[in-house]
Structure formats: C-alpha cells, structure tokens
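Novice:
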Amino acid sequence: MTQKQFHTAIKELKKLKLGMFNKDFLLTWERSDEEIKAVVLVAELFKEMHKAGISFRTFDAGLAISIFRDKSTRTRFSFASAVNALGLGLSELDEEKSQVAHGETVRETANMISFLTETIGIRDDMFLGEGNKYMREVGAAIQEGFERGVLHRRPSVVNLQCDIDHPTQALADLMQLRSHFGSLEDLRGKKIAMTWAYSPSYGKPLSVPQGIIGLMTRFGMNVSLAYPKGYDLIPDVVKVAKKNAGQREGSFAIVESMEEAFKDADVVYPKSWAPYQVMERRTELLNKNDKPGLVGLEKECLANNAKFKSWECDERKMKLTKKGEALYMHCLPADISGISCAQGEVSKNVFDKFRLATYAEAGFKPFVIASIIFLTRIENPVQMLQKLTKKRNHG
Amino acid sequence: MTQKQFHTAIKELKKLKLGMFNKDFLLTWERSDEEIKAVVLVAELFKEMHKAGISFRTFDAGLAISIFRDKSTRTRFSFASAVNALGLGLSELDEEKSQVAHGETVRETANMISFLTETIGIRDDMFLGEGNKYMREVGAAIQEGFERGVLHRRPSVVNLQCDIDHPTQALADLMQLRSHFGSLEDLRGKKIAMTWAYSPSYGKPLSVPQGIIGLMTRFGMNVSLAYPKGYDLIPDVVKVAKKNAGQREGSFAIVESMEEAFKDADVVYPKSWAPYQVMERRTELLNKNDKPGLVGLEKECLANNAKFKSWECDERKMKLTKKGEALYMHCLPADISGISCAQGEVSKNVFDKFRLATYAEAGFKPFVIASIIFLTRIENPVQMLQKLTKKRNHG
Amino acid sequence: MTQKQFHTAIKELKKLKLGMFNKDFLLTWERSDEEIKAVVLVAELFKEMHKAGISFRTFDAGLAISIFRDKSTRTRFSFASAVNALGLGLSELDEEKSQVAHGETVRETANMISFLTETIGIRDDMFLGEGNKYMREVGAAIQEGFERGVLHRRPSVVNLQCDIDHPTQALADLMQLRSHFGSLEDLRGKKIAMTWAYSPSYGKPLSVPQGIIGLMTRFGMNVSLAYPKGYDLIPDVVKVAKKNAGQREGSFAIVESMEEAFKDADVVYPKSWAPYQVMERRTELLNKNDKPGLVGLEKECLANNAKFKSWECDERKMKLTKKGEALYMHCLPADISGISCAQGEVSKNVFDKFRLATYAEAGFKPFVIASIIFLTRIENPVQMLQKLTKKRNHG
C-alpha cells in the first residue's frame, strides 16, 4: 500500500457516520450501509498493513474471550489471529472447564469474565432460536455492568456465527467479491446464485445462506436463492433480503433449481443446509432430551437429502453461468465428491479450479474480525489508524 | 485518578517495608501488615489506571502458568486478566494434557515449566492437607532451581485457593470493605458476620471463611464466626484469627446462630462449607480410593446439612443487622433460593439487592492478583510504577 | 554477557552463510554446519540476554501454532516459552476441538491456520513413517499458499519431535555438551555413549537416539551406539551418522553392550526406545485398527524388554567411563529405579548426582526453539539482534 492509497482510505473513512463504538456486532442488517463500508475499509487497511509488514497492534494489553459451542478450526483461528494482531490476549471460555454448566447465570458469568476484557466472540449456531438470543443476553449483561460501574470498559460481543447470521463470513465473502470485481460499486448488477447443495451430513446451519442473502442484497446485486422444496430459510431473514433489494437497485428471487440460479450468474455459492423446519423440530426434541426422536429426525432428514443428490455443483452446471466463468465461493470445508465424501456439494474438478480462491476468500476473515473489534472498541478510529501507521515495526 | 492522588499513593507505598520480591504468596498471615497494605495500594493504583485507560503492562514478555486442580470460571479469568495486563503470556498446565499424571515428580515439572516464567498461580482446594502443601513443594523446587542456576529468574507461586486460605479472594473482599467504608482505617470497630449457610451441595472448601477470619481480624474489625455444631474450621486457622484479634483492636468470637452473628453487623458474609472433620475423612477415603466410603460420606454430610436449612440469609435476618442495612458479601457463585436451587445460602430478594455489589466485589480480584505478582516479581515497585505512568497508552 | 562478548558473537554470526529464512526446520542433517552453528550462537545470545534481563522480543504480534499429537509437558512449555519471548501469541490446534478430525485435508487446514502466523511447531512421534511426512505435507501446503498469494508471510514449520529426529532436543543436548566442555571445538575427540536402557514402558520413540547420532557425529565426537540385539534404529538414520563420521574427524560405532559403550566415555546418554521393527509393525496394526494385534505386540515387546533389565545406568557402569566421571545426560523424564518404577533406565544414585544437570540440559530447549524460529523468520538476523539489544527493558 502506498502512502497515497492509505490517505485515500483514511479520507473515505472520515466521511462515514459511525455508531459502532461500545456496541455489539450481531447481525449485518442491524448496521448501516456506512458502517458496513467502514468494516470493509478498515479490514482492507489491516490486510495491506500486514502485507507490508506494518503492525496494526492497537492495544497494549486486554483480554479477548471466545465462547465456542461447536467445533471449529477456521473461525477459532481467525478470531485468535485477529485479537492477537490487535494486541489482545485470548482466553477461551470452555464450558466443560468452567462452572457455566453448573447453574451459573449467563448474566453473572458475562460480568465475571469481562473486568479487563475488550471483546467477546461467540459461536453458537446449533439450535434455532438460541444462538443469537444468547449473544443478546451476554450483551445486555455487559451493558448493565458497564452502566452500573462494575466494568470500566464495555467489551463488544462479536457474532462468530449464530442460528440467524454469520456476519464475519458474509463480510469476508463481500471482500472476496470486492476483490474479484474491483470495488463495492462494481457489484451492482452482478448476479450471485446462493444455492442449496447436497451433502451426506446432517444439521448444517442456515447462517451462511442467510448471511449472504441478508448482506449481498444491499449492494445492488441480483441475488438468486435456490433450494429444493422444503429447504426453506428462516422467513424473517428472507423478508430482510426482500426489503433490502426493494430499497435498492438489484433484486432478490427464490428459484427451484440449481440450474435456474446458475443461469448467467457471475458468482455461485453452492452450500448445504438443513431445512429451517427441521432445525425447529430438532431444537424442540433437544429441549425435551428426546433421543429416539432425534435419531428419527436425523434419519428422515438424511433420507430426504438423498432425493436431491443432483444438487451438485459440477462442470456441466458451471457452464450455465456467465460465459461459463462464474466465481465459485464456499465458506469451507466443502463436501467435495470423491474427496471428502462419495457425493457432495461440489465436484472435484470444479473445486480444484477454485481451491486457492476459496483459501483467499477465507483469508479475509481475520481482517474482518479485527476490523469489527477495532470499530466497536475504538472511539476515534481515524485518529488511531494514523497513530498506528506512524510506528512501523514487525520483523 | 488525579496526578495528586497518584503521588499520594506512591508516597504511602515508599514508606512501607516490603520483603515480597522473589517470594511466594501463599497465606495472608505469612505477610506483614505493611505488605498487605502494599498489595491493596498497588491493586487500587492498577484499578484506577485501568479506569483511566493507562496500561500497567510491566513485562515485555514472560510466561504465567496456571495450575487448576478444580473447575473454575472466575478465578481462571481473574488470573488470565491479571497476567495479561502485566504483559505475561498465560499457559495452563492441564494435567490431562501433560505428563504430570504419569509419574513425573513435582520437583522436576516445576523446573521444566519455569525457564522463562514469572509466576505460577495454583488452585488446589479439594483435599485437606494437600493444596497448600503442594504449593510449597512447587515453591521449594523453584527456589532450588533458582539457587543452583537452572532458572535465571525466580517465578513466584501465587495461591489462587487452597485448603487453608483463599488469599486473593480475601484481599478482594478487603478492598470491597475499604471501598464501602472509605479506608482501611475505617474498618476499625466494624462488625463482620462470617457465617455458615445452607447449601444443597457437598464438599465446599473452607478456604473462604478461613481467609476472611484470618485477614479481617488484622484491621480492628469485630469478626463474628457462626456455624452449626460440627461445622468447625481448621483449628490452626482459628488460632491465627484469635491471635490477630488479641494483638490488635477488634475481636474474634464464635457464635452458634446466624441470628447472633448478624446482630448489629455492618457486614454479613453467609457462605456454605463442609465441616473440617468431614473434609479430613474425605481425604483419607480418597487416598484409599474407597468409593463406597465416599458415597456414604457424601450422603451422611448432605443429610446433616439438611438439618440446617434455616441457615439462609433472608430479609428477616438482614433486619437484625445495623439499621437493617449491612453490606452483603459473597465470593460467588451463591446458591440462591429459587434461582440456582430450591433452597440455598441466600434468598432471592436479598441477593437481588446486592447482586451488583457482589459483582463489584469480584471485580477487585484481577487487580489484587496483578498487584501480588507485581510485588513478588519487581524488586523496586515504586520505580516501576513511576516508569509505567510515564507512558500513557491504551486504545 | 558483556558488550564485548555480544560483539564477538555478532561478528561470528555475520561470517556464517545461512539459507534458513522462509524455510522449515525438520531434520538437523538437512541444515548445513554453518546453520547449526548459527542456531547454537543465537540460542546462546538469547539465553544470555534473558539472564541479563534484556528482552529478545522480536515480533509486535503474530501467531505461533502448536500441533501436539502426543502428550507432552516439557516440549509444550518450551515452545510456549520460546514463542512468548519472541512476542508471538500461542494457539494450540487441538484436533479434538477442531474439524481436522472430520475429513478436512491437511492442505486446507494448514492454510486456514496460517493467515497471520509466523511458525507452526509440530510434535508427531507416534507412528513410524508418519510424523515427518505429515510435517512435510504441512510445509508444502504453506509454501503453495505463500507462492500463490494466499499467505502474505511464510510460517516456518518446526519439528518438535517426529518419528525420525528430535532436533530441538538434540540441539539442546549439543548446547549442554558445549557448556560442559567449553566450546563446540572442544567436543572433538570426546566419546559419547548413546545407549539403549531398560524401561518397563512400551513404545518409546526412536527420535532421541536418532537425533543424537545424527547430530553429534558432525562435531568430531566418537559416537558409540549400544543396544540389545533387535533394538535397531531406522537404517537410513544410521547411514546418516556413518556418513557424517566418515566426512569428519571422530567416529561412529555400534556395540552390543552398555559396558562397552561406557568404556572411557566422556558422556553417557542411556535411554530406552522401542525397536524400529516393532514400531513398523505397530503402525501397520494401527492402520488396520487391529486391537488384539496391538495388545499382543505390546505384550511381546514388554516381555522382550524384560530380558534386558541389566541395561541400567548404575554406579558400577559409570565407573567404566573416563576417570569414572562421565557426564550423564537424559531428555527427561527418566525412568529412575525405585523412584518412577521398580527398575528402569538409571539408578537413583546416578540420577540424583546429575539431577540438576539434566534440568540445566532441558533449560537450553526454549532458547534453541526461539533461535530456530528467529532464523527461519527473520531475513537479516544480525540487524535484528542489533536492534533488539538497543532497547533494554524487562522488569
């Protein structure tokens, strides 16, 4: 990054009206267009600084806490990378190690872990109706503690994936699109196919497709959502996507085949998920601890999935896209036919062609997370960025 | 904190004669009154610096190791926060992950983990006669390594709760009292009721009540210890409390009902614990690996607890305290009747009134731990504090 | 360390031709003599800086990742200490916590964890033919990511013990020898006995003896390897040792008794291992998941071990060494007769005499690891060292 590029970015950032300081970051559609732009801008700056060997360490000390209620490699390491780069120390709240599982209220624990904490990243995507709710409970508890003088500083809660949205993924995807097409403005009029795909595994969360339709409809894209009958997303999120598209250029449509969605698409995002109604039933059964019911539901759901094995992103379908040259996207890990499973979301040939592109896509995530933490914790981001770039360091 | 307040604190600290450098911190009653005052003073300084956004990072690098032989959320995060704020990296010695469980001697392991280590925090409160002893073994091993040139620096062992004392909790409680009444001097003549309370759970450690009677008797308080027949504390610690009170203003008395202890109390600390004799038998049974014996002991102990369900801190009993307005304290998590259990240590109404006060009480702990590490690792604390406050930073 | 000593070390370092930057460190015999010398030189500098309270923190931020496929205390903490001292944040890739165990390819994961990472330390010593291979896969994946622009920086893979070599241990041992005899040059003509020793436990890796014969044959030492019939090391590594000795002063010989190896030895390194052929069969059985086969192999192997209980390093055998005063070495933990087992690798008396010496031996390891990371990640090590020593800090 040249000095000039840096100054241009800073200038752009100065113009944006932001209200993120001392707030949580839970759903992209709760943040204004200007705030989304700021997240992208700062993430890009951090990425360029890292490339140039300039540290963007912002804090001298402070904790970042992660709460993962699900297995994770890439999000775990994205968060670890981001907080480390900002100068924070990571502490994981492992519910097996802690007393959380033994009757402590969320309210109390949230304060107990926050006395010298700057941010809390939470991944809780297993149960419909639970994950985002839990994040809000943590946020409310911290807010009370801050207002009542228990906490000197107000840590921000960052959604690292919930039942509703996966904002850091969707924003990394947005940066991948921006990088592919040149700018956010260049996304206007581009068609993205967000489609269901077959997977032999069960219970994949809805947060990625929901995140994509909730975010990309804000940039003038033509978003085509495709899934087999019965594989609906949460209706409220579909409403958000419709509303977004209605208020802006671009469009949002639901279609019934991968082929239709792929037609003339500039971008395809084929990814499996479990139907929203199944996830609802699953949550009910889990709450009742109905084990036979859960086994039955899984069996039923996998049998249903198996009807749609043709929903695979293969070379034939890729030919339907614009000039047969659409960008393939995936949040990883993908179910690759003949590699990770007999038959899955994407054929080996298609995946191989885009393997490094999907790695690059994932590579935006640590910078997106760092940017979100930065903007929710630093009152004057422009001033801080100017301060950071003054001291060049790194090995 | 104004410049003036900082200078006053530094002046006060300069006057104190300290012998904590390169030593462990295992029991409050092993440290002089001046050293206890220094811990409080530095903790308060760190707290004010944090509030003002001034980092008190003291180390450029170095490890802090925690060894937890029991589940923990708040102590774990207090320690994590404290060492991070001082600039140390946290490594947890998890005995399941390590070879400790496979015949390695404490002596060897203590040295192996200490080559670039500044402090080792240990929580080992499960077995009477074991926890504190283990800490001393670690301390002795490190001392030998340091003296014989194996270790360049001498990490300090910090007691994060043992079978005898819970010094970081007791000191956090002391800071809460100091904050509530205005100063350490203002504690003189105040009555504190440290009382047993009913809990449906078994085997709670004795370290909190022992820590309280061992520490608060040094500040001219009138300490009233109450428990049902048979729920004695370790006799040696009771002797310490008696001796403390005898050498100073104030008093120490053991009474037989919560009501009597609460009468005209300025502060109440109702908290369950297992009888010392039961903990002794438990340790014996554990050493013999006598599982039926352990089950029997637990049953017997819970049945005995159940005789004392009336030992609940409720509004009626709170009315007995001075003007009905005593400060309620608890180390958390409390067993709250109707919330965390059917019937417990404290009624919902009483707890609710003091909920945020108990959070604030807990909020002193990270600063107490940081202060102890600072004073055991920094040879000239006044000089270092002056150096730290020169460079203002933080986001 | 005086200013003069520092300048002498820097001068020496300047003369060495190094090709370690942006490379992995997997086997000592893949690195030139000059590179090995550089590792020792920088490790010694770091050790002296630490002793003098001068930080050698090199990075402002960045991740270090550890992957441990086996239990470990000392290597885990050595790595944690080293990366912390360099300024990196440690993240452990725990395969139970992550999705690695669920079909993700090594290639993908390696990139996913490396976006802001400087180094990846791997310990994978369980299966013959697997550990080192895995490290090379990780290295190749990272190299591809770096070349294709996915990664801005190229993390170095550091072998923390594999099936073939244990380079950080062997280098720490080399530093212990250097410290004992005065200099690397003084090792010329000294006899070291690397011998098998009896242990009641099964499946100990071959990497330590292989590391020792692969490294010490490069410094003009007379290396005498002794083991009972059937306890062979990997033939390829034995070839390396032979070739090393052939190209330099010194010698390499395989003998059939501890006594013969100990005769006139300046140094003895008695340590148990499982025969290479047994490890091969074990890997096959593990791959087939043949549990009865594995149980049978263990039984057979332990029965065979038991035939060689006389292979214990005791006072009588120590008398055979040069003037009866050889240096005893061990990577720890040792199987000490009457302490950690009924009968083991070394008698209590011999171990006790050298206990602190073995601690000191282990104490080199964190500095060796730090040195390797430094030399693989810093393009101009001399310049960086000069920069580091300019700013004196530490508590």
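Residue numbers (numbering that gives the first Met the number 0), protein chains in the order written: chain A, 0 to 394; chain B, 0 to 394; chain C, 0 to 394.
Where is the CB? At the ideal position from N, CA and C, for every residue including glycine.
None of the values given here were measured: they were computed from a predicted structure.
Does chain A have any CB closer than 9 Å to the CB of C/Val149?
Specialist: With 9 Å as the cut-off, C/Val149 counts as an interface residue toward chain A.
Novice: Less than 9 Å between the C-beta atoms of A/Thr375 and A/Met19, yes or no?
Specialist: Their beta carbons are under 9 Å apart, which means A/Thr375 touches A/Met19 by this criterion.
Novice: Could you tell me the boundaries of the alpha helix (DSSP H) in which A/Val82 lies?
Specialist: First-last of the alpha helix (DSSP H) with A/Val82: Arg73 to Leu85.
Novice: Might you give, ordered along the chain, the residues of its own chain that have their beta carbon closer than 6 Å to the beta carbon of B/Ser80, omitting 5 neighbours on each side?
Specialist: These residues qualify, in order along the chain: Pro365.
Novice: Taking the straight line between their C-alpha atoms, what separation do you get for B/Ser155 and B/Ile377?
Specialist: Their Cα atoms are separated by approximately 11 Å.
Novice: Following the continuous alpha helix (DSSP H) through A/Arg122, name the residue where it begins and the one where it ends.
Specialist: Taken as a continuous stretch (DSSP letters only), A/Arg122 belongs to no alpha helix (DSSP H), being part of the beta strand (DSSP E) at Thr116 to Asp123.
Novice: Please confirm if A/Thr320 has its CB atom under 9 Å from at least one CB of chain B.
Specialist: No, because no Cβ of chain B sits closer than 9 Å to the Cβ of A/Thr320.
Novice: Indicate the three-state DSSP secondary structure (helix, strand or coil) for B/Leu159 in the structure shown.
Specialist: Strand.
Novice: Among C/Gly130, C/Phe5 and C/Leu115, which one has its Cα closest to the Cα of C/Val105?
Specialist: Measuring from the Cα of C/Val105, the nearest candidate turns out to be C/Gly130.
Novice: Give me, in chain order, the residues of the same chain whose beta-carbon lies closer than 7 Å to that of A/Ile313; leave out the 5 immediate sequence neighbours on both sides.
Specialist: According to the sequence shown, residue 313 of chain A is Asp rather than Ile. Answer for A/Asp313: Ser346 and Val349, listed in chain order.
Novice: DSSP three-state label for A/Ala264, please.
Specialist: DSSP places A/Ala264 in coil when its eight states are reduced to three.
Novice: Among C/Ser200, C/Tyr226 and C/Ser198, whose alpha-carbon lies nearest the alpha-carbon of C/Pro208?
Specialist: Ranking the options by Cα distance to C/Pro208, first place goes to C/Tyr226.
Novice: Can you tell me where the beta strand (DSSP E) with B/Met193 in it begins and where it stops?
Specialist: Start and end: Lys190 to Thr194.
Novice: Suppose you measure from the CA of C/Phe5 to the CA of C/Ala37; what does that come to, to the nearest Å?
Specialist: Distance between the alpha carbons of C/Phe5 and C/Ala37 is about 14 Å.
Novice: Out of C/Asn83, C/Leu17 and C/Asp351, state which residue places its alpha-carbon closest to the alpha-carbon of C/Ser336.
Specialist: Of C/Asn83, C/Leu17 and C/Asp351, the residue nearest in Cα terms is C/Asp351.
Novice: Check for me: the alpha helix (DSSP H) holding A/Ser250 runs from which residue to which?
Specialist: That residue, A/Ser250, is in no alpha helix (DSSP H); its beta strand (DSSP E) goes Ser250 to Val254.
Novice: Taking the straight line between their C-alpha atoms, what separation do you get for A/Tyr358 and A/Met174?
Specialist: Spanning the two alpha carbons is a distance of roughly 13 Å.
Novice: Per DSSP, which one or two residues make a beta bridge with C/Val345?
Specialist: Its beta-bridge partners are C/Cys312 and C/Ile335.
Novice: Have a look at the DSSP bridge pairing and note the partners of A/Ser223.
Specialist: A/Ala192 and A/Ala252, per the DSSP bridge assignment.
Novice: Rounded to whole angstroms, what is the Cα-Cα separation between C/Met328 and B/Arg147?
Specialist: Their backbone Cα atoms lie some 18 Å apart in a straight line.
Novice: Taking Cβ-Cβ distances below 7 Å as the criterion, which residues of the segment 331-347 of chain C are in contact with chain B?
Specialist: Answer set for the segment 331-347 of chain C: Leu331, Pro332 and Ser339.
Novice: Closer than 6 Å by C-beta to C/Val222: which residues in its own chain qualify, once you throw out the five before and the five after it? Chain order, please.
Specialist: The residues are Ile191, Ile212, Met215, Thr216 and Phe251.
Novice: In chain A, which residues lie less than 7 Å from C/Thr108 when you measure between Cβ atoms?
Specialist: The contacting residues are Thr72.
Novice: Alpha carbon to alpha carbon, what distance is there between C/Leu12 and A/Ala196?
Specialist: C-alpha separation (whole angstroms): 57 Å.
Novice: Contact criterion: CB-CB distance below 9 Å. Does B/Asn21 meet it with respect to chain A?
Specialist: Not one chain A Cβ lies under 9 Å of B/Asn21.
Novice: Does the distance from the CB of A/Ser339 to the CB of A/Ser271 come in under 9 Å?
Specialist: No, the pair does not count as a contact, with Cβ atoms beyond the cut-off.
Novice: For the putative contact between B/Met220 and B/Tyr268, defined by C-beta atoms under 8 Å, what is the C-beta separation to the nearest angstrom?
Specialist: The Cβ separation is near 11 Å, so there is no contact.
Novice: Rounded to the nearest angstrom, what separates B/Asp185 and B/Leu92 at their Cα positions?
Specialist: If I take the Cα positions, the gap works out to 41 Å.
Novice: Any beta carbon of chain B sitting closer than 9 Å to that of C/Pro204?
Specialist: Not an interface residue.
Novice: Tell me the rounded alpha-carbon separation between B/Arg68 and C/Ala264.
Specialist: Going by the C-alpha atoms only, they are around 44 Å apart.
Novice: With which residues is C/Ser271 paired in a DSSP beta bridge?
Specialist: Paired residues: none, contrary to the question.
Novice: Count the other C-beta atoms from every protein chain shown that fall within 10 angstroms of the C-beta of C/Lys203, then say buried if there are 16 or more, exposed otherwise.
Specialist: The residue in question, C/Lys203, is buried, as its Cβ has 16 or more Cβ neighbours within 10 Å.
Novice: Take A/Gly128 and list the residues in its own chain whose beta-carbon comes closer than 7 Å to its own, dropping the five residues that flank it on each side.
Specialist: So the qualifying residues of the chain are Asp162 and Thr282.
Novice: Under a three-way DSSP split, which group does A/Leu374 fall into?
Specialist: Correct three-state label for A/Leu374: helix.
Novice: If we define contact as Cβ-Cβ less than 9 Å, is C/Asn83 a contact residue for chain B?
Specialist: For C/Asn83, the answer is yes, since a Cβ of chain B falls inside 9 Å of its Cβ.
Novice: Taking Cβ-Cβ distances shorter than 7 Å, what residues in chain A pair up with B/His179?
Specialist: Simply none; closest approach about 14 Å.
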